[in-house]
Structures are given as structure tokens and as C-alpha cells.
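Here the structure comes first, spelled out in C-alpha cells, and everything after it is commentary.
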Amino acid sequence: MSESAPTAAETRRIAEEARDRVRFEEEALQLSDQVYRVARRLTGSREEAEDLVQDTYARAFRSWQQYQPGTNLRAWLLRIATNLNIDRGRRVQRAPDQTPLEEGDYYLYNRLESTMPDENPDEERVLDRLSQNAVVDALAEVPHDFRDVLVLVDIGEFSYAEAAQILDIPVGTVMSRLHRGRRILKQQLAEKAVTN
Amino acid sequence: MGCGCDDCEKMMQPYMDGVLSEEQIREAQEHLERCYGCDKRFRFEEKLRHFVRVAAHEPMSDGLKEKLAGLRSADSLG
Numbered sequence: 570m571s572e573s574a575p576t577a578a579e580t581r582r583i584a585e586e587a588r589d590r591v592r593f594e595e596e597a598l599q600l601s602d603q604v605y606r607v608a609r610r611l612t613g614s615r616e617e618a619e620d621l622v623q624d625t626y627a628r629a630f631r632s633w634q635q636y637q638p639g640t641n642l643r644a645w646l647l648r649i650a651t652n653l654n655i656d657r658g659r660r661v662q663r664a665p666d667q668t669p670l671e672e673g674d675y676y677l678y679n680r681l682e683s684t685m686p687d688e689n690p691d692e693e694r695v696l697d698r699l700s701q702n703a704v705v706d707a708l709a710e711v712p713h714d715f716r717d718v719l720v721l722v723d724i725g726e727f728s729y730a731e732a733a734q735i736l737d738i739p740v741g742t743v744m745s746r747l748h749r750g751r752r753i754l755k756q757q758l759a760e761k762a763v764t765n
Numbered sequence: 028m029g030c031g032c033d034d035c036e037k038m039m040q041p042y043m044d045g046v047l048s049e050e051q052i053r054e055a056q057e058h059l060e061r062c063y064g065c066d067k068r069f070r071f072e073e074k075l076r077h078f079v080r081v082a083a084h085e086p087m088s089d090g091l092k093e094k095l096a097g098l099r100s101a102d103s104l105g
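Sequence order for the protein chains is E and C.
All you need for the working numbering is the position in the first sequence, starting with 1, plus 569.
All you need for the working numbering is the position in the second sequence, starting with 1, plus 27.
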């Protein structure tokens with residue numbers, strides 16, 4: 570290889586690449602609160618979430634050129650995070666339980682209302698039966714496959730299609746896991762609220 | 028206990044997710060106007076989703092923010 574100085578075109582290309590990279594890193598960092606918000610509920614503890622987010626950004630910054638500018642960067646980052654989280658072998662957990670849940674979508678409301686002394690309380694007061702801790706604990710009880718979808722859609726506010734892309738599963742699977750995940754969450758919430 | 032509106036119960040989550048057809052949305056809305064029990068449960072579901080989202084939020088630590096900023100390339104740091 571020659572030792573000659575780089576051409577003007579090459580110098581320009583290098584400068585442009587450096588600028589794109591800086592811009593990518595800035596944009597990615599601006600989303601870190603949102604990435605953490607989802608990562609925190611994909612994992613069991615603050616420490617695990619912090620490790621996961623750090624590894625996610627380390628990987629994202631290494632492979633930044635694989636990101637297609639103009640596409641959804643938040644989804645791209647979460648795809649790295651969910652893949653890393655799965656790679657960590659947390660799937661040693663048992664396969665998701667396939668027994669049908671008998672309770673419908675009104676189950677939680679009906680259970681909570683039944684514990685209240687007054688006839689026909691308004692929904693705000695029914696909701697007051699739930700605490701923040703109950704939500705955190707109930708989410709942690711949802712098996713991972715369902716929780717991933719639930720966290721992406723209901724906490725991360727991703728669409729079905731985005732969640733499907735992030736987790737690399739069909740949209741129909743997102744819908745069925747979400748449906749079941751929400752019911753498991755409600756069952757857990759009902760137990761925690763009623764036993765307290 | 029329930030109001031017996033099985034169809035409405037099944038449609039509620041897809042309705043809230045905005046994935047029903049226009050026809051189905053109209054049916055659901057008409058039903059909600061007529062049925063106090065479903066309407067109240069629907070309002071509960073909306074508030075529940077919001078409550079879960081807020082309750083699940085735990086702010087990121089400043090320490091982590093600094094660590095992430097430290098992962099940037101030398102060009103960003105310079």
C-alpha cells in the first residue's frame with residue numbers, strides 16, 4: 570500500500586462519516602430514558618437493567634452503520650436490547666404455561682369491585698385499590714415471553730408491528746401474547762390487591 | 028357480577044389498541060353509549076393502562092447516563 574496522503578475526496582468522506590457517527594450517537598443518547606424505561610421491566614432488577622442498557626449502547630455504537638437513517642431508532646435500540654436480554658440465557662425459565670385462563674377482560678374490575686362496600690363505585694375509586702408496588706410486582710410475575718410483548722406495547726407504547734419487528738415474531742403472535750400477558754397481569758393484580 | 032356483554036368484553040382490548048375496523052368501532056361505541064356497565068369498565072381499562080405505565084416507570088440514574096455518554100466515540104467526545 571502506498572504511504573501517500575489521502576485524497577481530498579477521501580478526507581471529505583472520513584469527515585462526513587465522523588459527523589454522521591456523532592449525530593447517530595447523540596440521537597441514540599436522547600432516547601436512553603425511553604430505552605431504560607422498557608429495559609427496566611424486561612429485567613428483574615435495576616442492576617440488570619443498567620447492565621442491559623449499557624451493553625445495548627455499547628453494541629449500538631459499535632454497529633451504528635447498520636442502522637438505516639430515517640427508520641425508527643428507538644425500535645432499533647430496543648431490538649438490540651431484547652436480543653441481548655434473550656442471549657443472557659434468562660430463557661432457562663420454564664416454557665410459558667399454555668393452560669387457558671378462564672377469566673375474561675373484566676375479571677380485575679369485577680374482583681376489585683367485589684371487595685368494596687359501596688354499591689356501584691365509580692371506576693376511579695376501583696382503581697384506587699391498586700398500588701404502584703402491586704403493579705411492579707405483578708409485572709414481574711408475568712412469564713418472559715408474554716412480558717416482553719406487554720412491556721413493549723403497554724409501557725414502551727410500540728405498535729403491534731413494531732413489537733413484532735423488535736422481537737422478530739409474527740404480528741399474530743404479538744397479539745396473542747399481548748392478550749394473554751394482559752390477562753395474566755390482571756390476575757396477578759387482582760391477587761395482590763385483594764390479599765393486601 | 029358482569030353485565031353479560033361478552034362481545035363487548037372481547038372487543039375492548041382491540042378497541043383500545045385501535046385495531047378494529049370502522050364498522051366494529053361504530054358498534055362498540057353504540058354499545059358503550061347504551062351500556063353503563065361496559066362503559067364504566069371501559070373507562071377503568073383506559074385508566075388502568077395509564078396507571079400501569081406510570082407505576083412501572085423508574086427514572087434512570089445519573090450514573091448510568093454518564094456511563095452511556097462515556098461510550099461515545101472519540102469524535103463525539105472531542
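We put the beta carbon where it would ideally sit given N, CA and C, even for glycine.
Bear in mind that the values here come from a model prediction, so they are computed numbers and not experimental data.
Cβ-based burial, residue i [other Cβ within 10 Å; buried from 16]
i, result
"residue 661 (chain E)", "In this prediction, residue 661 (chain E) has a pLDDT of 48, which is less than 50 and means its spatial position is unreliable; nothing more can be read from the coordinates."
"residue 584 (chain E)", "exposed"
"residue 759 (chain E)", "buried"
"residue 523 (chain E)", "Nothing can be reported for residue 523 (chain E), as the shown portion of chain E is limited to 570 through 765."
"residue 574 (chain E)", "exposed"
"residue 592 (chain E)", "exposed"
"residue 81 (chain C)", "exposed"
"residue 725 (chain E)", "buried"
"residue 654 (chain E)", "buried"
"residue 757 (chain E)", "buried"
Rounded straight-line distance, which links the Cα of residue j to that of residue i
i, j, result
"residue 636 (chain E)", "residue 74 (chain C)", "36 Å"
"residue 753 (chain E)", "residue 675 (chain E)", "13 Å"
"residue 578 (chain E)", "residue 99 (chain C)", "26 Å"
"residue 706 (chain E)", "residue 730 (chain E)", "28 Å"
"residue 510 (chain E)", "residue 77 (chain C)", "Given that chain E is displayed from residue 570 to residue 765, the structure contains no residue 510 (chain E) and the question cannot be resolved."
"residue 649 (chain E)", "residue 62 (chain C)", "45 Å"
"residue 586 (chain E)", "residue 652 (chain E)", "27 Å"
"residue 719 (chain E)", "residue 755 (chain E)", "12 Å"
"residue 588 (chain E)", "residue 56 (chain C)", "51 Å"
"residue 92 (chain C)", "residue 737 (chain E)", "28 Å"
"residue 645 (chain E)", "residue 632 (chain E)", "11 Å"
"residue 70 (chain C)", "residue 699 (chain E)", "16 Å"
"residue 599 (chain E)", "residue 626 (chain E)", "12 Å"
"residue 703 (chain E)", "residue 97 (chain C)", "36 Å"
"residue 741 (chain E)", "residue 594 (chain E)", "34 Å"
"residue 41 (chain C)", "residue 708 (chain E)", "21 Å"
"residue 606 (chain E)", "residue 576 (chain E)", "46 Å"
"residue 86 (chain C)", "residue 49 (chain C)", "38 Å"
Enclosing alpha helix (DSSP H) for residue i [first to last residue]
i, result
"residue 628 (chain E)", "615–631"
"residue 592 (chain E)", "577–599"
"residue 683 (chain E)", "676–683"
"residue 69 (chain C)", "63–82"
"residue 651 (chain E)", "642–656"
"residue 35 (chain C)", "33–43"
"residue 636 (chain E)", "Run containing residue 636 (chain E): none; DSSP gives neither H nor E here."
"residue 723 (chain E)", "First-last for residue 723 (chain E): undefined, no H or E at that position."
"residue 96 (chain C)", "89–97"
"residue 704 (chain E)", "701–710"
"residue 46 (chain C)", "Segment: none, residue 46 (chain C) is in no alpha helix (DSSP H) and carries neither H nor E."
"residue 738 (chain E)", "Counting along the chain, residue 738 (chain E) falls outside any alpha helix (DSSP H), and DSSP gives it neither H nor E."
"residue 694 (chain E)", "692–696"
Legend entry - Cβ-based contacts, 8 Å cut-off: residues of the region 622–641 of chain E near chain C: 622, 623, 626, 627 and 630
Legend entry - the region 37–54 of chain C: positions lying closer than 8 Å to chain E by Cβ: 37, 39, 40, 44 and 46
Legend entry - Members of the region 702–716 of chain E near chain C, C-beta cut-off 9 Å: 702, 703, 704, 705, 707 and 708
Inset, instruction - Mind checking the region 590–612 of chain E against chain C and listing, in chain order, the residues whose C-beta falls within less than 8 Å of any C-beta there? - result: 590, 591, 594, 595, 598, 601, 602, 605, 606, 609 and 610
Inset, instruction - Below 8 Å between beta carbons is the criterion; list the residues of the region 58–75 of chain C that meet it against any residue of chain E, in chain order. - result: 67, 68, 70, 71, 72, 74 and 75
Legend entry - Residues, ordered as in the chain, of the region 83–98 of chain C that lie near chain E by beta-carbon distance below 9 Å: 83, 84, 85, 86, 87, 88, 90, 91, 92, 94, 95, 96 and 98
Legend entry - Residues of the region 746–763 of chain E with Cβ closer than 9 Å to any Cβ of chain C, in chain order: 747, 748, 751, 754, 755 and 758
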